[in-house]
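Worksheet for the structure shown next.
In the numbering used here, the protein residues as written are 110 to 420.
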């Protein structure tokens with residue numbers, strides 16, 4: 110028996126160091142719960158600037174918007190930076206796996222990324238969000254097929270799909286085919302409808318699902334200015350949840366506050382659940398349906414050096 114956890118917190122406006130302090134304040138509670146896997150929300154490092162327009166209208170960008178993006182870029186993290194180092198150290202102290210949503214800085218492009226950390230090994234893999242949603246495409250690049258890992262962790266086989274990637278059936282099928290047992294869903298989607306999506310993934314994949322959502326206070330309390338959003342409504346109200354492989358709710362959605370959700374994980378429950386439905390196994394019809402997944406790393410420029418005879 111293992112212990113799964115989702116930590117519902119919000120990014121701190123002061124930046125990644127302040128967010129790290131928030132995470133570390135929960136370490137004693139995580140230790141008391143003897144957690145084997147911790148999932149952190151989407152963009153917990155780097156932040157999710159809900160409501161920001163970055164000075165963009167169709168056909169032009171403003172100087173103020175460029176400054177807004179530059180400030181956001183400065184709050185993103187490098188994967189070899191101190192935040193990942195500190196998370197890796199916490200992973201060792203807790204003896205637990207960690208999946209965390211971060212805004213990854215790679216050159217001058219930002220990616221919405223899920224990082225996988227294992228105790229004693231540090232950063233072992235990452236997944237870049239394949240398709241930023243709506244105006245997220247103004248600020249984030251797109252991941253390619255080279256970052257679709259399903260990793261062997263101390264708790265089981267882990268995969269991560271970030272926010273609305275969970276609506277991509279071909280991505281889900283790719284992860285199912287790789288044998289995912291614990292589906293990690295870092296998100297900022299606090300809508301009630303999200304719960305149906307998470308339950309569906311659990312039932313479809315016959316896997317455990319851990320969804321960690323951010324919590325952000327109402328603008329009236331945080332002092333933020335968010336156009337077209339009620340001042341007294343949570344900017345992101347949470348809804349972190351844990352489901353079992355038959356769609357059973359193991360930890361009810363947490364709303365309106367930060368907090369830790371914990372549930373037991375019985376790996377043998379997966380085989381029992383897949384007895385009558387194994388989406389990538391006995392319930393598949395490869396004679397009719399086939400999916401091809403290109404896992405090649407894509408670079409915008411390839412350099413090669415050719416030897417020319419006689420030169």
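Note that CB positions come from ideal geometry on N, CA and C, so glycine has one too.
Item	Value
Neighbourhood of residue 140 by C-beta distance below 8 angstroms, restricted to the same chain and skipping five residues each side	202 and 203
Check whether residue 208 and residue 144 have beta carbons under 9 angstroms apart	no
Inter-stretch contact at 8 angstroms, needing at least 3 Cβ pairs: the segment 343 to 358 / the segment 233 to 248	no
Extent of the continuous alpha helix (DSSP H) to which residue 141 belongs	136 to 141
Residue range of the unbroken alpha helix (DSSP H) whose run includes residue 303	302 to 314
Which of helix, strand or coil DSSP assigns to residue 199	helix
Pick from 332, 342, 376 and 315 that is closest to residue 356, judged by C-alpha positions	315
Pair within 9 angstroms by beta-carbon distance, residue 206 and residue 228	yes
Backbone secondary structure at residue 154 - three-state DSSP	strand
Close Cβ partners of residue 275 (< 7 angstroms) along its chain, the five nearest in sequence each way excluded	294, 306 and 310
Nearest neighbour of residue 291, chosen from 335, 225, 336 and 329 [CA to CA]	225
Spatial distance of residue 152 from residue 345 (CA atoms)	13 angstroms
In chain order, each beta strand (DSSP E) run of at least 3 residues that lies wholly inside the segment 183 to 271	206 to 215, 218 to 227, 231 to 237 and 266 to 269
Residue environment, residue 362, which counts as buried when at least 16 other CB atoms sit within 10 Å	buried
Separation of residue 412 from residue 325, as counted between CA atoms	45 angstroms
Buried versus exposed, by CB contacts within 10 Å (16 or more), residue 117	buried
At least three beta-carbon pairs within less than 8 angstroms, the segment 333 to 345 to the segment 376 to 388	no
Whole-angstrom C-beta distance between residue 157 and residue 248, which should lie under 8 angstroms	Contact doesn't hold; Cβ gap of about 10 angstroms is too wide.
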